[in-house]
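Residue numbers (our numbering): -10 to 60. All C-beta atoms, glycine included, are put in the ideal place defined by N, C-alpha and C. Worksheet for the structure shown next.
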């Protein structure tokens, strides 16, 4: 799959789109996480990526977003 964005541009796009707000807990976030994990076939695309805080990103690891949020 060909990249549509540079890594820097992609990161800036996701963080600003999500207003630096963690998708999972609503606090400040400055990392990018995959809703469908790359380890489970997810791609690095805007529709599959969200802003996440460091704690949620690490805790979610390679879980599906709905599995993580259901805990």
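query = To which residues of the same chain is residue -3 closer than 7 Å at the C-beta, ignoring the five residues directly before and after it?
reply = One-based indexing of the chain shown puts residue -3 at position 8. Cβ neighbours of residue -3 beyond the five flanking positions: none.
inquiry  = Once DSSP output is grouped into helix, strand and coil, what is the label at residue 45?
reply    = To locate residue 45, count along the chain shown from 1; it is residue 56. Three-state result, residue 45: helix.
ask   = Just the Cα atoms here: how many angstroms apart are residue 8 and residue 43?
value = For the purposes of this step, residue 8 is identified with residue 19 of the chain shown, where counting begins at 1. For the purposes of this step, residue 43 is identified with residue 54 of the chain shown, where counting begins at 1. So the alpha carbons of these two residues sit roughly 15 Å apart.
message = Once the 5 residues before and after residue 51 are set aside, which same chain residues still bring their CB inside 7 Å of it?
response = Walking along the chain shown from the start, residue 51 turns up at place 62. So the qualifying residues of the chain are 26, 28, 29.
key: Assigned secondary structure, residue -2 (DSSP; H/G/I helix, E/B strand, else coil)   = Walking along the chain shown from the start, residue -2 turns up at place 9. Helix.
query = Using DSSP with H/G/I as helix, E/B as strand and the rest coil, what is residue 33?
reply = Translated into positions along the chain shown, residue 33 becomes position 44. Three-state DSSP puts residue 33 in coil, outside helix and strand.
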